[in-house]
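Undergrad: Our numbering numbers the first residue of the sequence shown as 886 and each following residue consecutively.
From the three backbone atoms N, C-alpha and C, an ideal C-beta is built for every residue, glycine too.
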Amino acid sequence: MKRAVFVVLIIVGLVAGYFLIGSNGSAKASPDEKAPVTISLDRERYSPTDTMVITVTNNGNETVTVGYPFELYREENGEWVKVNVDLMFIQSVVQLEPGKSWTQKVSLSQLKLSPGHYKIEKKVSTPTRTFSVSAEFYIEG
């Protein structure tokens, strides 16, 4: 039993390590290339105290992995500027089979966002590559 738990922990660690590689070896889908995974939000406009529901959907034909971490950007003068979210994320990954979706709730009150135009971005991995998917939203007064 202990050996099985140890093996599972090693596998989870390897998958999480691969997922967290970051920009080394990661790629974004080009505008002409249909991403096999999409991200959508339950709304386009939120108050600073709302809870956002993110849905990640696997439209491809192979299983992908996605995790809880995300990056947040705020549009300033036409440029996306990274926002420090200062959160601790669960370091586990979710495997999404083709045609399946996964939802994640984000309490915006923890992020202390001021009104503006934002983009939330998540990294997704297939067996052959890692790429980012994003969705835009607004925080209002």
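Going by other Cβ atoms of all chains shown within 10 Å of its Cβ, with 16 needed for buried, is Ile-939 buried or exposed?
TA: Ile-939 is buried by the Cβ-count criterion.
Undergrad: Around the C-beta of Asp-917, are 16 or more other C-beta atoms found within 10 angstroms, so that it is buried, or is it exposed?
TA: Unreliable positioning characterises Asp-917 in this predicted model, as indicated by a pLDDT of 42, which lies under 50. The coordinate reading is nonetheless provided below. Asp-917 is exposed by the Cβ-count criterion.
Undergrad: With Val-949 and Leu-981 assumed to form a contact (beta carbons below 8 angstroms), what rounded beta-carbon distance in angstroms separates them?
TA: Indeed, because the Cβ distance is near 5 angstroms, the residues count as touching under 8 angstroms.
Undergrad: Check whether the Cβ atoms of Lys-967 and Tyr-953 lie closer than 9 angstroms to each other.
TA: It is not a contact, given that the beta carbons lie outside the stated cut-off.
Undergrad: Near Ala-912, which residues of its chain fall below 8 angstroms by C-beta distance, leaving aside the five closest residues on each side in sequence?
TA: Unreliable positioning characterises Ala-912 in this predicted model, as indicated by a pLDDT of 39, which lies under 50. A coordinate reading is not provided.
Undergrad: As an exercise, report each continuous beta strand (DSSP E) stretch of at least 3 residues that is fully enclosed by the region 931–1008, in chain order.
TA: Correct list: 936–943, 949–952, 956–961, 964–968, 978–981 and 986–992.
Undergrad: To the nearest angstrom, how far is it from the Cα of Ser-986 to the Cα of Gly-945?
TA: The alpha-carbon atoms of Ser-986 and Gly-945 are separated by roughly 11 angstroms.
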